[in-house]
Structure formats: C-alpha cells, structure tokens
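Please read the structure below before turning to the comments.
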Amino acid sequence: MDFKNTLLMPNTQFEMRANLGQREPLIQKRWEEIDLYKKVLEKNKDNTPFVLHDGPPYANGNIHIGHAFQKTLKDFVLRYKTMAGFYVPYIPGWDTHGLPIENEVTKKGVDRKTLSRAEFRKICREFAIEQVNKQKEQFKRLGILGEWDHPYLTLDKSFIADQVKVFGKMVERGLIYKGFKPIYWSPSSESAFAEAEIEYMDKESKSIYVAFDMISDKFKDTQLLVWTTTPWTLPAN
Numbered sequence: 001m002d003f004k005n006t007l008l009m010p011n012t013q014f015e016m017r018a019n020l021g022q023r024e025p026l027i028q029k030r031w032e033e034i035d036l037y038k039k040v041l042e043k044n045k046d047n048t049p050f051v052l053h054d055g056p057p058y059a060n061g062n063i064h065i066g067h068a069f070q071k072t073l074k075d076f077v078l079r080y081k082t083m084a085g086f087y088v089p090y091i092p093g094w095d096t097h098g099l100p101i102e103n104e105v106t107k108k109g110v111d112r113k114t115l116s117r118a119e120f121r122k123i124c125r126e127f128a129i130e131q132v133n134k135q136k137e138q139f140k141r142l143g144i145l146g147e148w149d150h151p152y153l154t155l156d157k158s159f160i161a162d163q164v165k166v167f168g169k170m171v172e173r174g175l176i177y178k179g180f181k182p183i184y185w186s187p188s189s190e191s192a193f194a195e196a197e198i199e200y201m202d203k204e205s206k207s208i209y210v211a212f213d214m215i216s217d218k219f220k221d222t223q224l225l226v227w228t229t230t231p232w233t234l235p236a237n
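The sequence shown finishes on residue 237 if you use this note's numbering, and the numbering steps up by one all the way, no holes.
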C-alpha cells in the first residue's frame, strides 16, 4: 500500500533536475525578449562609466575553449561593475583581416594564385562575415550580455577610415619612418608573420657549463658559472 499521498509533505514548483541544456536557451530567450542588456544600461545611464576594451577574436571558425574562457572572465568583470552601479556598455568586435582567415579560405579549396586580389579579398570578406554570425550566436549561447546587434568589425569602412585618420596624425607628428628590420616571413604564404603566430619546434641542442675566472682583485679565487647552448661562441668571449 502506498501512503505517500496521505502525508502532508512540503511541495515545490522547482524541478528536481536542472536540465540546463533545455533550460538555458529559454532563459536567454527571455533575456532577449525583455532586452535585458538595454534595461541594465538604462538603469545606470547617469552613473560613472566603465569601459572594457575587448580585443577582437579572429573570424575564422567556431569558438574554442580559449574564447569561452577569456570571454567568460571578462563577463565576470562587466557584471560585477554593473551590479556595483557603473554604466557598463560592452561592444564586442571581430578581427576580420589577417592570415588565419586567408588560411581557412584556402583550406576550402580556394587558390588565391588563380584569382585577382580583389576577388580573393571578396571571398575572404564573405567568409569572415559568415564566421562572425556563427561566433556571435556561440558567444550569446555562453550568456554573454553585450551590444551583439551592433558589434564592431575591422572590415567596416568607418573603422578603416578611423585607422587611416590615426595613422595620418602619427605621420604629422613625425612618428612614422621607413627603415629596415628583421621579420618572420612565410615563403608559402608570401606574407610576414606576427611573433604571436610563430611556434618553435622542440629541438635538442648541445650545451655546456663553463666557469669564468674573475679578474678583479676584489674577487680573487672567484668564478662565474655560465651555461650556454651555443658553445661555439665561447672563443669570441
């Protein structure tokens, strides 16, 4: 016999399971319906502003754990400042230029050497915009609040014009010069690499420990221990 219905037990409308996979999209849909981001801005519009300059990710594919980690940490800061009463507009952006985008387009079978520069740039632009829309939905799925309908893209003409203006001011102030410097160059990509794009392969090198005698009278019978992976340079020392 089941006596469960004969007991006056506490009752709750909370579900016993979180079901986050189904629940989170509903919560985010509710945020969008009530325009939560703009409501928060309106509430604090007369208060001290706090602006986080968010470095734009490349628009070259799905987001990965690194994107999720750094974007979530930034969202922590923005929400804290918002709850502390600051006016916190957050404008996300994307870097829609660069070799990572060209590489992804090339992987899709596009041969840039058979196209004009204008044709290849057009294909890269279309690909970048497609990835922006994809990443935007993925970031929103993480619960990040921001000006997602009006992000900044480095391919926007207004953004490019602002860059030219800043460069022009640098020229006027004499900050721009032409000179020579060593760079990282990719023969296959026919392009310069940023240092952040370079990965060194592990390599085993012969090394040596050498003791150098001190020549100062104050440090008689004293030696400096040196370790080097370029022992062939020691004779010149």
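Backbone N, C-alpha and C define an ideal beta-carbon position, used for all residues, glycine too.
Suppose you measure from the CA of residue i to the CA of residue j; what does that come to, to the nearest Å?
| i | j | result |
| --- | --- | --- |
| His97 | Lys74 | 23 angstroms |
| Leu175 | Gln163 | 15 angstroms |
| Asp111 | Tyr152 | 29 angstroms |
| Asp156 | Leu225 | 56 angstroms |
| Lys149 | Ala128 | One detail in the question is off: residue 149 reads as Asp in this sequence, not Lys. Taking the straight line joining both Cα atoms gives about 17 angstroms. |
| Pro100 | Thr233 | 38 angstroms |
| Trp31 | Pro25 | 10 angstroms |
| Leu142 | Lys108 | 28 angstroms |
| Ser188 | Asn103 | 11 angstroms |
| Ile215 | Tyr177 | 44 angstroms |
Within the same chain, show all residues whose beta-carbon is closer than 7 angstroms to that of residue i, passing over the 5 residues directly before and after it, in chain order.
| i | result |
| --- | --- |
| Lys81 | Phe50, Val88 |
| Thr230 | none |
Determine the burial state of residue i: buried for a count of at least 16 other Cβ atoms within 10 Å of its Cβ, exposed for fewer.
| i | result |
| --- | --- |
| Asn44 | buried |
| Leu7 | exposed |
| Tyr37 | buried |
| Val210 | exposed |
| Phe159 | exposed |
| Leu145 | buried |
| Gly21 | exposed |
By Cβ distance below 6 angstroms, which residues in the same chain neighbour residue i in space, the five residues on each side in sequence not counted?
| i | result |
| --- | --- |
| Asn237 | none |
Whole-angstrom Cβ separation of residue i and residue j, contact assumed at under 8 angstroms?
| i | j | result |
| --- | --- | --- |
| Asn60 | Lys134 | Incorrect: roughly 10 angstroms between the Cβ atoms, too far for contact. |
| Phe76 | Thr48 | With a Cβ gap of about 19 angstroms, Phe76 and Thr48 do not count as contacting. |
Suppose the cutoff is 8 angstroms on Cβ atoms and the five residues either side in sequence are ignored; what does the same chain contact list for residue i look like?
| i | result |
| --- | --- |
| Trp185 | Ser191, Ala192, Phe193 |
Within 7 angstroms: the Cβ of residue i and any heavy atom of the ligand SAH?
| i | result |
| --- | --- |
| His97 | Absence of the ligand SAH from the depicted structure is noted, as is the absence of any ligand whatsoever, leaving it without description. |
Original post:
At which residue ranges does the region 142-184 contain complete alpha helix (DSSP H) runs of 4 or more residues, listed in the order of the chain?
Top reply: 157-172
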